[in-house]
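Colleague:
Number of protein chains: 2
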Amino acid sequence: MPVKRVDPVPSDIEIAQAAELLPIMEVAQSVGLSEDDIDLQGKWKAKVHLDVIEKFKDRPSGKYIDVTAITPTPLGEGKTVTTIGVSQGLHYIGKKVFTCIRQPSQGPTFGIKGGAAGGGYAQVVPMEDFNLHLTGDIHAVGAAHNLLAAAIDNRMAKEARWSTNFLAKALCPDDEYTPSMRRRLEKLGIESAKPSDLNDDDKERMFRLNIDPDAVQWRRVVDVSDAALRSITIGLGGAGNGLVRETGYDITVASEIMAALAMCNDLADLRERMGRIIIGTSKKGGLRSAGRIEPITAEDLNVAGAMTVLLKDALMPNLMQTLPGSPAFVHCGPFANIAQGNSSIIADKIALKLADYVVTESGFGADCGMEKFMNLKSRYSGLVPDCVVLVCTIRALKMHGGGPKVVAGKPLDKAYTSENLELLEKGLPNLLQHVENAVKFGVPVVVAINRFKYDTDAEIELIRKRAQETGAEDAVMHNVWAKGGEGGAALAEAVVAACEKPNNFKFLYSDEMSIKEKIETIAREIYRADGVDYTPEAEAKIKLFTDMGLSHLPLCMAKTHLSFSHDPTLKGTPRGWRLPITDVRASVGAGFIFPLCGTMKTMPGLPTRPVFTDIDIDVETGKVLGLS
Amino acid sequence: MPVKRVDPVPSDIEIAQAAELLPIMEVAQSVGLSEDDIDLQGKWKAKVHLDVIEKFKDRPSGKYIDVTAITPTPLGEGKTVTTIGVSQGLHYIGKKVFTCIRQPSQGPTFGIKGGAAGGGYAQVVPMEDFNLHLTGDIHAVGAAHNLLAAAIDNRMAKEARWSTNFLAKALCPDDEYTPSMRRRLEKLGIESAKPSDLNDDDKERMFRLNIDPDAVQWRRVVDVSDAALRSITIGLGGAGNGLVRETGYDITVASEIMAALAMCNDLADLRERMGRIIIGTSKKGGLRSAGRIEPITAEDLNVAGAMTVLLKDALMPNLMQTLPGSPAFVHCGPFANIAQGNSSIIADKIALKLADYVVTESGFGADCGMEKFMNLKSRYSGLVPDCVVLVCTIRALKMHGGGPKVVAGKPLDKAYTSENLELLEKGLPNLLQHVENAVKFGVPVVVAINRFKYDTDAEIELIRKRAQETGAEDAVMHNVWAKGGEGGAALAEAVVAACEKPNNFKFLYSDEMSIKEKIETIAREIYRADGVDYTPEAEAKIKLFTDMGLSHLPLCMAKTHLSFSHDPTLKGTPRGWRLPITDVRASVGAGFIFPLCGTMKTMPGLPTRPVFTDIDIDVETGKVLGLS
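Structural data, given as structure tokens:
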């Protein structure tokens, strides 16, 4: 639908609520999807069936564009706005385009940051649906995650209470194995047709998982910013409530299950991934041969099937629309610092068959989201990106150049509101290092300058010159926030041109490298650290995971997005530092090794005045108020 | 759609997956709803807009039938099967009927009990949707509940850290009050146009809630049976994570918010209820006048608006269908032992305008769900029930008469598989006490005998004779499990006849009675206790809530469903016992006082072999396997 623009630009929610939307069925039809290919979720959202991948497999694939950014200020540099804006720009110049973005977490939506549907005249709508529950995918991830957590504590409590014979009888009342149990038999190398055939040793190996409470790495999750749950003690109140142990909560979007959902290619793949999730290890000793500890999986707990059942609808991407009515998939999770932070492979794959240009977004700076897009997501998808759009603002570059601190709600310093080529020049290396990094992957790069009213032509020209010297195809200013698709037309033209350039896509590291070699490759090539230091705990985990045969997995680094380094206060392009790896986790279901750089919180907190303070509902009209 | 029945009766999921469903749009149209009145949720579910109540307000209301049961065995007596079956029976004899049932919790679905979509040829379909997420209402309740929990701990942590002046500035950065803050000003009796006008004392009263950590009654919730979370310590790991305190998790369906959703009449009502939720009290002393403690509400925490926003879709009932295609609403929560356990007022109200007969279900035995249906739900709805259907099985009555223990998975004792009038006669008083109780509310009662193959004509005749002597209109056997609507036709005829009988509906207690008088009325009239004993804690809470002006509220008793008494081992009709009230909570948002009888767990646990052990997905077809 053509959008009537107003000047000055109203608030995001005012624009979103004033927009005339197309019925989502029409959006679906516009890309060749029929009623049978989708499940409507009200009038403005639809789940798209996975079998459309098969249905359209002979169609040519569209061009594949990844939007990423420089190291952001705490205000953000408008990456989602640009992602949607470049899509609206492509739509404006007459291209068939599909946008793939991630569903925001309700933690930040009600906490510090507000929603994430874009902004101004570059939005995915309706913004309330986008920011609130959407179609329940994150809740489904939470339900599956917490079901596994309950299964772990329940199993430990029951094993502490019952004899092996009792456990065997309770688990196999009809003297029959479930398919899940037969998988465990196979893993243990035990041949057995029915439980009553087992000798005592094999019965114990089979039915007593002997989970080490101190080695359980599976925490619980909730989609609320709740700092009080970061570290908790559970199982209090008596033996009926389980074993007392320390654990904690992460934000749901950081769940391994969210990553598995994003990284999988179909339902069968998801089922396998759920079974492979390692929740911890068995205790040393006991009947285990030579005191070796055994990784315990969701399959061993007989719960991977039920988890997959809980996720079967979440696996389908959610179709929505941009303000001018072009199609958008909203699927899987954000948080590219503590998670993989890219939208799903399945959404991208479907979109590539339905449009000529697919614009997908990687979270936070290119050292976080784009590195994972290239080394991790593309490894599992087999898809090759045709272009990287690297978003920057002149304000952020000046900040990286040493400009005064930028604080939300306070007036900007004069350094940011008048031309200052010297300060900009000082900050440019941050952009240029990201350009260099993107170029290392062999993909053409377009720099997108997200326009603020104080930016001058000379400043823009300086960025273009330096970016092109460093290997970028182009650097283009856009103004999609104020002008929608029209404001993104020039950027869209540059992207179209870049997509025609030669492409030499490659990963930065090979599967065969050791875990440490992979970490060190990223640290050197992307972050530009002098080296890597490991805590004894990290060393032990790397040895454990290598012994378990997991070193072939790619990495998902957990690192702050506010610096190339692990220290959020180091702006620009830090040099002469070493990367500390404090811990390493194995997310085998998601399909990666997860090294933690420095201190990383996997559960956000709330500020003194959370965003929810302004949110309410008009009880007469049902309209949401104050969502930002 | 006509259902092709097979003998022997296949499993529930086989029947459900073989059923030919009507597109839910057709079901909607069959009761006069248009496309604009609903939001499709895929092809088999739809949310119905609340404004249809206004649209159809001039239509006559249908007959209102509450289905309840005797004190059940652990196997359940087929109350949901009968609820759906009597509906299918009414449909079969040509009546326009609507069924209103509750959404099951995923805790039992994956834990002990399995799903709750009915069974055999009396089901609401698709059963996978019914049992899994449905449209996300329970998740929305959890999100709103846990957002409030995070707001509480965040506020306590921030108040512990900051001066009152800092808090005031952080909460009102523009020196302006939000609407929510103005409500608090009014409650405190402070007149103020803007924060900077406040004197120091008023500023402290306004911005420092001074929550007593030991008096926080708001726990957290999750829709998983997770015993390890019943009692936990949070806020560990340093001051940045909040204050260390003990708390715990309840199952989501026991949330006060679920009850508020069920008890409210519209969006405005829900918004007010969210604001009224009392999370605990302030500490004694400080600036509070004369050391009085103040109840702290969700409104005081400025989060009630955001909570309502999270619930705006959950407020709409979910339209589904029975096997023969008659309409069914699935809305709000189960657990009539630890919650109100009835489907929503809004669903019933809409259904009454769309059909001539509305069959709604109250959870567990009539001492639990029906008592709350009458005294609590009908008080808030203003609706008058026309008939009570009281479900029993001959097996359960024999158990109440002293028959051998009934254990799932073990063959039934001969006492249950052959005619035994003596044992039945001994167990009948349980049924008759429930009949007497229903009659006390002035509503005609029909006893529904859920048929098992061993039941004999003489046994049925004995039940009918005794039930009618005690005041029931009729007692009718049905066989809806094996025969669907046809098997419920005779029961449906009896219900139609009962609905024409005179109706003298009345509550058992008045608003004006004290909290203790209300408790004692229920204990005496329904449970038949000799008296009530209160722990010192319960006494103190009753005094506190009375002082707060809350004694006008009706009650929602938390009591085991396995006995008329608080002791689940006392079967039949216990006499000569006293009811212990161990604690009392005030659920002001839901609109009731919540007395706990004996030891009540508000979070179920898992058995050694949880139901999830059998659940999996066919990765080729996407079909759910093993859901029961």
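Chains A and B, in that order, are what the protein sequence lines are. To get our numbering, take the position in the first sequence, counting from 1, and add 230. To get our numbering, take the position in the second sequence, counting from 1, and add 230. Even for Gly, the Cβ is constructed at its ideal location relative to N, Cα and C. Since this is a predicted model, take the numbers as computed values, not measurements.
(1) Between the region 297-304 of chain A and the region 589-603 of chain A, do three or more beta carbon pairs fall short of 8 Å?
(2) Check whether the Cβ atoms of A/Ser455 and A/Ile481 lie closer than 8 Å to each other.
(3) Name the chain B residues whose beta carbon is nearer than 9 Å to that of A/Thr408?
(4) Short of 7 Å in beta carbon distance, which residues of its chain neighbour A/Arg696, apart from the five on each side in sequence? Order them along the chain.
(5) Near A/Phe565, which residues of its chain fall below 6 Å by C-beta distance, leaving aside the five closest residues on each side in sequence?
(6) Hey, A/Leu397 and A/Glu389: beta-carbon distance below 8 Å or not?
(7) For the 8 Å Cβ check, are there 3 or more pairs between the region 365-380 of chain B and the region 485-492 of chain B?
(8) Label B/Ser608 either buried or exposed according to how many other C-beta atoms from any shown protein chain fall within 10 Å of its C-beta, with 16 as the threshold for buried.
(9) In the DSSP assignment, what residue or residues form a beta bridge with A/Ile481?
(10) Excluding the 5 residues flanking A/Val676 on each side, which residues of the same chain have their C-beta closer than 8 Å to its C-beta?
(11) Does the Cβ of A/Arg289 have 16 or more other Cβ atoms within 10 Å, making it buried, or fewer, making it exposed?
(12) Check B/Met778 in the structure and name its three-state DSSP category.
(13) Quick one: is A/Thr799 buried, meaning 16 or more other Cβ sit within 10 Å of its Cβ, or exposed?
(14) Grab the span of the alpha helix (DSSP H) containing A/Leu377 for me, first residue to last.
(15) Whole angstroms are fine: how far does the CA of B/Glu307 sit from the CA of B/Val560?
(16) Give me, in chain order, the residues of the same chain whose beta-carbon lies closer than 7 Å to that of B/Gly465; leave out the 5 immediate sequence neighbours on both sides.
(17) Among the residues of its own chain, which have a CB less than 6 Å from the CB of A/Leu218, if the five just before and after it don't count?
(18) Express the C-alpha separation of A/Gly350 and A/Ala246 in angstroms, rounding to a whole number.
(19) With 16 as the cutoff for other CB atoms within 10 Å, does B/Ala536 come out buried or exposed?
(20) Compare the C-beta of A/Arg839 against all C-beta atoms of chain B and say whether one is closer than 8 Å.
(21) Step through the CB atoms of chain B and report whether any lies within less than 8 Å of the CB of A/Ile576.
(22) What does DSSP give as the partner residues of A/Leu809 in its beta bridges?
(23) Mapping the DSSP letters down to three states, classify B/Glu476 as helix, strand or coil.
(24) Between A/Phe340 and chain B, is the shortest Cβ-Cβ distance under 8 Å, so that the two count as touching?
(25) Using only alpha-carbon positions, find the residue among B/Ala352, B/Gly319, B/Glu244 and B/Glu358 that is nearest to B/Gln336.
(26) Keeping to the same chain, check which residues put their C-beta closer than 6 Å to that of A/Gly828; ignore five residues upstream and five downstream.
(27) A/Trp448 versus chain B: which residues are under 9 Å apart at the beta carbon?
(28) Flag this pair as yes or no: are the beta carbons of B/Asn294 and B/Pro615 separated by less than 8 Å?
(29) Just the C-alpha distance for B/Asn395 and B/Phe437, rounded to the nearest angstrom, thanks.
(30) Do you know how far the Cα of A/Ala458 is from the Cα of B/Ser744?
(31) Please list, in chain order, the residues of the region 354-365 of chain B that have any C-beta partner in chain A closer than 7 Å.
(32) Quick check: the region 325-332 of chain A against the region 569-585 of chain A, are at least 3 beta-carbon pairs closer than 8 Å?
(33) Can you tell which of A/Thr790, A/Gly806 and A/Lys801 has its C-alpha closest to the C-alpha of A/Val762?
(34) What residue range does the beta strand (DSSP E) around B/Tyr294 cover?
(35) Of all the CB atoms in chain A, is at least one closer than 8 Å to the CB of B/Val669?
(36) Under DSSP, the alpha helix (DSSP H) around B/Pro409 begins and ends at which residues?
Modeller: A quick look at the data gives this:
(1) yes
(2) Start at 1 with the first residue of the first sequence, and residue 455 of chain A comes out as number 225. Start at 1 with the first residue of the first sequence, and residue 481 of chain A comes out as number 251. Yes, the Cβ-Cβ distance between A/Ser455 and A/Ile481 is below 8 Å.
(3) Numbered from its first residue, the first sequence carries residue 408 of chain A at position 178. Per Cβ cutoff of 9 Å: Thr843, Asp844, Asp846 and Gly856.
(4) Residue numbering aside, residue 696 of chain A sits at position 466 when the first sequence is read from its first letter. The answer, listed in chain order, is Leu658 and Leu662.
(5) Here residue 565 of chain A is taken as the residue at index 335 of the first sequence, counted from 1. Val483, Ala484 and Gly571, listed in sequence order.
(6) Residue numbering aside, residue 397 of chain A sits at position 167 when the first sequence is read from its first letter. Residue numbering aside, residue 389 of chain A sits at position 159 when the first sequence is read from its first letter. Yes, they are a contact pair.
(7) yes
(8) As a working mapping, residue 608 of chain B is identified with position 378 in the second sequence. Buried, since its Cβ has 16 or more Cβ neighbours within 10 Å.
(9) Translated into positions along the first sequence, residue 481 of chain A becomes position 251. DSSP, once it has assigned bridges, lists A/Val452 as partnering A/Ile481.
(10) For the purposes of this step, residue 676 of chain A is taken as the residue at position 446 of the first sequence. Cys617, Val618, Val619, Leu620, Ala702, Glu703, Asp704, Ala705, Val706, Leu721, Ala724, Val725 and Ala728.
(11) By 1-based counting over the first sequence, the position of residue 289 of chain A is 59. Exposed.
(12) Taking the second sequence and counting its residues from 1, one reaches residue 778 of chain B at position 548. Coil at B/Met778, not helix or strand.
(13) Residue numbering aside, residue 799 of chain A sits at position 569 when the first sequence is read from its first letter. Label assigned to A/Thr799: exposed.
(14) Counting from one through the first sequence, the residue named residue 377 of chain A turns up at place 147. Note, A/Leu377: alpha helix (DSSP H), Asp367 to Arg391.
(15) Here the question's residue 560 of chain B lines up with position 330 in the second sequence. Here the question's residue 307 of chain B lines up with position 77 in the second sequence. In a straight line, the C-alpha of B/Val560 is about 20 Å away from that of B/Glu307.
(16) Indexing the second sequence from 1 puts residue 465 of chain B at position 235. So the qualifying residues of the chain are Asp383, Asn471, Gly472, Leu473, Val474 and Arg475.
(17) Nothing about residue 218 of chain A can be reported from this structure: the residues present for chain A run from 231 to 858 only.
(18) Within the first sequence, the letter at position 16 stands for residue 246 of chain A. Within the first sequence, the letter at position 120 stands for residue 350 of chain A. Taken atom to atom, the span from the alpha-carbon of A/Ala246 to that of A/Gly350 is near 9 Å.
(19) One-based indexing of the second sequence puts residue 536 of chain B at position 306. Label assigned to B/Ala536: buried.
(20) Here residue 839 of chain A corresponds to residue number 609 of the first sequence, with the count starting at 1. Yes, A/Arg839 lies at the interface with chain B (some Cβ there is under 8 Å from its Cβ).
(21) The sequence position of residue 576 of chain A within the first sequence is 346, counting from 1. Not closer than 8 Å to any Cβ of chain B, the Cβ of A/Ile576 fails to qualify, so no.
(22) Taking the first sequence and counting its residues from 1, one reaches residue 809 of chain A at position 579. In DSSP, A/Leu809 forms a bridge with A/Val762.
(23) In the second sequence, residue 476 of chain B corresponds to position 246, counting from 1. Strand at B/Glu476.
(24) Within the first sequence, the letter at position 110 stands for residue 340 of chain A. Interface residue, yes.
(25) Locating residue 336 of chain B in the second sequence gives position 106, counting from the first residue. Among B/Ala352, B/Gly319, B/Glu244 and B/Glu358, the Cα nearest to that of B/Gln336 belongs to B/Glu358.
(26) Counting from one through the first sequence, the residue named residue 828 of chain A turns up at place 598. Around A/Gly828: His796 and Pro810.
(27) Here residue 448 of chain A is taken as the residue at index 218 of the first sequence, counted from 1. Per Cβ cutoff of 9 Å: no residues; A/Trp448 is ~12 Å from chain B at best.
(28) Looking up residue 294 of chain B in the second sequence gives position 64. Looking up residue 615 of chain B in the second sequence gives position 385. Reading off the sequence, residue 294 of chain B comes out as Tyr, not Asn. Yes, these two residues count as a Cβ contact at 8 Å.
(29) For this step, residue 395 of chain B is matched to residue 165 along the second sequence. For this step, residue 437 of chain B is matched to residue 207 along the second sequence. Their Cα atoms are separated by approximately 9 Å.
(30) Here residue 744 of chain B is taken as the residue at index 514 of the second sequence, counted from 1. Here residue 458 of chain A is taken as the residue at index 228 of the first sequence, counted from 1. Cα to Cα, B/Ser744 sits roughly 38 Å from A/Ala458.
(31) Leu362 and His363
(32) yes
(33) Mapped onto the first sequence, residue 762 of chain A falls at position 532. The candidate whose alpha carbon is nearest that of A/Val762 is A/Gly806.
(34) For the purposes of this step, residue 294 of chain B is identified with residue 64 of the second sequence, where counting begins at 1. From DSSP, the beta strand (DSSP E) with B/Tyr294 extends over Lys293 to Ala299.
(35) Within the second sequence, the letter at position 439 stands for residue 669 of chain B. With 8 Å as the cut-off, B/Val669 does not count as an interface residue toward chain A.
(36) The residue given as residue 409 of chain B occupies position 179 in the second sequence. Where B/Pro409 is concerned, the enclosing alpha helix (DSSP H) stretches over Pro409 to Leu418.
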